[in-house]
Structure formats: C-alpha cells, structure tokens
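Throughout, this note's numbering is defined as the position within the sequence shown, counted from one, plus 6. Glycine residues also receive a C-beta, built at the ideal position from the N, C-alpha and C atoms.
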Amino acid sequence: LFEKSRRQLGKLLDIYEQRLGEEAFLAGGKFTLADLSHLPNADRLAGDPQSACLIESRRNVSKWWDTVSRRDS
C-alpha cells in the first residue's frame, strides 16, 4: 500500500514538475493560494528523509519548494 501511494504521488509530482518548468508557481507567474495550499504536504515530504527524494529528484519541484519554503510568513 505504501509503495503504491508513493508511485501515485510520484506521478502527481511529475505533473507538477512539467507545470513548474513552464511557470515559477503552480498557477502562473506569482505565488497564489494554489501554492499555499500545497505547503503543508510539501513540508511533510521534505522533512521525511525517506520521502524528500520525491521532491529533490525533480528539479523544478525542488526549485519551487526552495522558493516557497523560504518566504516570509
């Protein structure tokens, strides 16, 4: 079950990878609620050593995460 979920999440992150290769943020050129709504789950992934590779292995998703996670509150 865990591996199946990881594969499904990987497919979703592949879609984000493509989108973030076209724009800096999920809904276009600026930070929006679309990005904000993904922060809690992305934070959990990035903070888990076994799951961080799901972000780190995708250049555009990784760049997006670096950008949004460093924003001021």
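{"Asked": "Count the other CB atoms within 10 Å of the CB of D41; is the residue buried (16 or more) or exposed (fewer)?", "Found": "buried"}
{"Asked": "Give the straight-line distance between the Cα atoms of D72 and E28, rounded to the nearest whole angstrom.", "Found": "17 Å"}
{"Asked": "S31 bridges to which residues according to DSSP?", "Found": "Reading off the sequence shown, one finds Phe at residue 31, where the question assumed Ser. F31 pairs with G34."}
{"Asked": "Over what stretch of residues does the alpha helix (DSSP H) that includes S68 continue unbroken?", "Found": "R65 to S75"}
{"Asked": "What does the Cβ neighbour count give for I61, buried or exposed, with the cut at 16 atoms within 10 Å?", "Found": "buried"}
{"Asked": "Below 8 Å between beta carbons: does that hold for E23 and R64?", "Found": "yes"}
{"Asked": "With a Cβ-Cβ cutoff of 8 Å, do L26 and V67 count as a contact?", "Found": "yes"}
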